[in-house]
Amino acid sequence: MAQQDKVANLSITVPNFRVLCGSSESEQRGVQDGVIYRSSRPDFLTEQELLAFRNLSIRSIIDFRSRKEYMASSSEGNHVLDKEYDLLQVKLPRDYIFNTGYKYFVRLFARTTLNRTGLIGQYKDIVEHSQKSICAALKLLSAKNNLPALINCAHGKDRTGIVSALVLSCLGKTAEYIAEEYALSSEGLAPVQSRVKAEVIERYHMCEEFIKADASTMLELFEYIQNRYGSTKNYLEYIGFGAREQEVLRLNLKEVEDGEKDDDDDFSEN
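Residues 459 to 728 (my numbering) are what the sequence shown spells out, left to right.
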């Protein structure tokens, strides 16, 4: 399945909704078996789209938003999926400062700290300070009974993007492939760009960089993991997602490696 087709071939209009990975055998059969989907918050799914969503045979929804974020969105969307799915919440904070709920304090922090370190600084903080949550998410995705699964956060770009990147790395994808997949969020969020801008830039005074999804940002994150931990595999083991569990994830997703690894940039097997 081509990267662009992961966005274009689905009839769900939830922003940034696409296939992350799945069985190549099932793709050839025209079904989605043992697959992971990713998206922004699915709160805006309409009753009319519910049938199409059911046809994806998704068994679990793993939401990286805090309970406060989730409840706040109740005034915006219908939460129609709550009627049929048990929500598996794995709190993956963007930054502990956001959890204070004090908008003006967050604005001050954004101007003095976040905007200086940039989006990559926030991503580094997530992989360092949210390790238990990342490990919990990967363990849920390793359980065959939870598949097919949907993972999401507010916009499906940052928290979802990092977990998605680690899943793909575990499956043997190259950093370049993963960065290209991450960059699809630019297209996925284009229809709601004004809303994203209002929620990030206007509300918290964060700079324009925080609403972008440049491939270079993900490549820089992998370089950071490589330099600090030696490889993504080592990082996953360090946070408690061991080699055996990584193998179980690979087997359950039945992902066929693409055979295009660059020996100099292989962050998953070193």
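Even for Gly, the Cβ is constructed at its ideal location relative to N, Cα and C.
**Study point:** Burial state of Q676, where buried means 16 or more other Cβ atoms lie within 10 Å
**Key:** Residue 676 is actually Met in this sequence, not Gln. When all chains shown are included, M676 counts as buried.
Practice item. Just confirm the distance between the C-beta atoms of I520 and A595, as a whole number of angstroms; I'd bet it's less than 8 Å. Key: Yes, I520 and A595 are in contact; Cβ-Cβ is about 6 Å, under 8 Å.
Check your understanding: Going along the chain, which residues of its own chain have a beta-carbon closer than 8 Å to the beta-carbon of G579, five neighbours each way excluded?
Key -> In chain order, L572 place their CB closer than 8 Å to the CB of G579, counting only its own chain and leaving out the 5 sequence neighbours on each side.
Check your understanding: Do I470 and F502 come within 8 Å of each other at the CB atom, strictly closer than that value?
Key -> Contact flag unset, no.
Review point. Identify the residues that DSSP records as bridge partners of I519: which are they?
Key: Paired residue(s): L545, L608.
Check your understanding: Is there contact between the segment 654 to 666 and the segment 624 to 632, where contact requires at least three CB pairs shorter than 8 Å?
Key -> Pairwise C-beta distances place the segment 654 to 666 out of contact with the segment 624 to 632, as fewer than three of them are shorter than 8 Å.
Point to revise | CA-to-CA distance, T690 to K597, given in whole angstroms | key: K597 and T690: Cα-Cα distance of roughly 16 Å.
**Study point:** Contact set for S588: own chain, Cβ-Cβ below 6 Å, skip 5 residues either direction
**Key:** The beta carbon of S588 sits closer than 6 Å to those of L550, all from its chain and outside the five residues before and after it, given in chain order.
Review point. For T708, which residues of its own chain have a beta-carbon under 8 Å away from its beta-carbon, when the five flanking residues on both sides are left out?
Key: A small correction: the amino acid at residue 708 is Arg; Thr does not occupy that position in the sequence shown. Within the same chain, R708 has close Cβ partners C628, L629, G630.
Review point. So what's L478 in DSSP terms, helix, strand or just coil?
Key: Strand at L478.
Point to revise | Neighbour-count burial assignment, A623, 16 or more Cβ in a 10 Å radius | key: Answer is buried; the Cβ neighbour count reaches 16.
Check your understanding: Under 8 Å, do F522 and C593 count as touching if we go by C-beta distance?
Key -> Taking 8 Å as the cut-off, the Cβ atoms of F522 and C593 do not count as close.
Check your understanding: Do R517 and N603 have their C-beta atoms within less than 8 Å of each other?
Key -> Taking C-beta atoms as the reference points, R517 and N603 count as a pair closer than 8 Å.
**Study point:** Nearest-angstrom Cα separation, counted from C611 out to S644
**Key:** A straight line joining the alpha-carbon of S644 with that of C611 spans about 15 Å.
Exercise for review: Classify G480 as buried or exposed, calling it buried when 16 or more other Cβ atoms lie within 10 Å of its own Cβ.
Suggested key: Counting of Cβ neighbours within 10 angstroms places G480 among the buried residues, the total reaching 16 or more.
Point to revise | Spatially closest choice to Y581 from H537, P649, I620, R686, by CA coordinates | key: The alpha carbon of Y581 has as its nearest neighbour, out of H537, P649, I620, R686, the alpha carbon of I620.
Review point. What's the call for A641, buried or exposed, on a 16-neighbour Cβ count within 10 Å?
Key: Buried, because 16 or more other Cβ atoms sit within 10 Å of the Cβ of A641.
Point to revise | Secondary structure of R496, DSSP reduced to three states | key: Looking at R496 - three-state DSSP - the assignment turns out to be strand.
Check your understanding: So R476 packs on R496, CB below 8 Å; how close in whole Å?
Key -> R476 to R496, Cβ: 6 Å. Contact.
Practice item. Taking 8 Å as the cut-off, decide whether the C-beta atoms of S515 and P649 are in contact. Key: If you check the CB distance, S515 and P649 do not come in under 8 Å.
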